[in-house]
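Taking numbering that gives the first Met the number 0, the leading residue of the sequence shown gets 0, the next gets one more, and so forth.
From the three backbone atoms N, C-alpha and C, an ideal C-beta is built for every residue, glycine too.
Given the structure is predicted, the values throughout are model-derived calculations rather than measurements.
Here's the structure we're looking at; comments come further down.
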Amino acid sequence: MPDTIWIVLGDGRIISMHGAEPDFYTQGCDAAIDYTLFDQFCEEIDGGQMDYCSKEKQYGHIRDAVPDLLEFALSLNGAGTPNYYFI
Numbered sequence: 000m001p002d003t004i005w006i007v008l009g010d011g012r013i014i015s016m017h018g019a020e021p022d023f024y025t026q027g028c029d030a031a032i033d034y035t036l037f038d039q040f041c042e043e044i045d046g047g048q049m050d051y052c053s054k055e056k057q058y059g060h061i062r063d064a065v066p067d068l069l070e071f072a073l074s075l076n077g078a079g080t081p082n083y084y085f086i
């Protein structure tokens, strides 16, 4: 996966995401994405790691993981994916 991807959400929050180091995957997963969530003033408000099985997800590029990461990081619970764009 490439370097850090930056996403701006419609409400002004920002998420950075990048591939995680292999040493930090959760048991049963073989890949992970680290993320940090910032408020509209660039203050860190959350962060963590979304672990996944690469055979199941088959992301071709880290950008393919954005909808899943937003669901995970924002706890959308089935709500629609918010508007966003890349910077």
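Proximity to D22 [Cα-Cα], best of D50, G46, F40, Q39
Taking the sequence shown and counting its residues from 1, one reaches residue 22 at position 23. Among D50, G46, F40, Q39, the Cα nearest to that of D22 is on D50.
Cutoff 6 Å; reference Y58; Cβ partners in own chain excluding five residues on either side
Counting from 1 along the sequence shown, the entry for residue 58 is found at position 59. These residues qualify, in order along the chain: A64.
Alpha carbon of R12 to alpha carbon of I44, nearest angstrom
Here residue 12 refers to the residue found at position 13 when the sequence shown is read from its first residue. Here residue 44 refers to the residue found at position 45 when the sequence shown is read from its first residue. Going from the Cα of R12 to the Cα of I44 covers about 10 Å.
Beta bridge counterpart(s) of S15 as assigned by DSSP
Numbered from 1 along the sequence shown, position 16 holds the residue referred to as residue 15. Bridge partners of S15: W5, T35.
What residue does the alpha helix (DSSP H) around F40 start on, and which one ends it?
The sequence position of residue 40 within the sequence shown is 41, counting from 1. Unbroken run through F40: none, as it is neither H nor E.
Note down, in chain order, each residue of its chain lying with its Cβ closer than 8 Å to the Cβ of D67, except the 5 sequence neighbours on either side.
One-based indexing of the sequence shown puts residue 67 at position 68. M49, Y51, K56.
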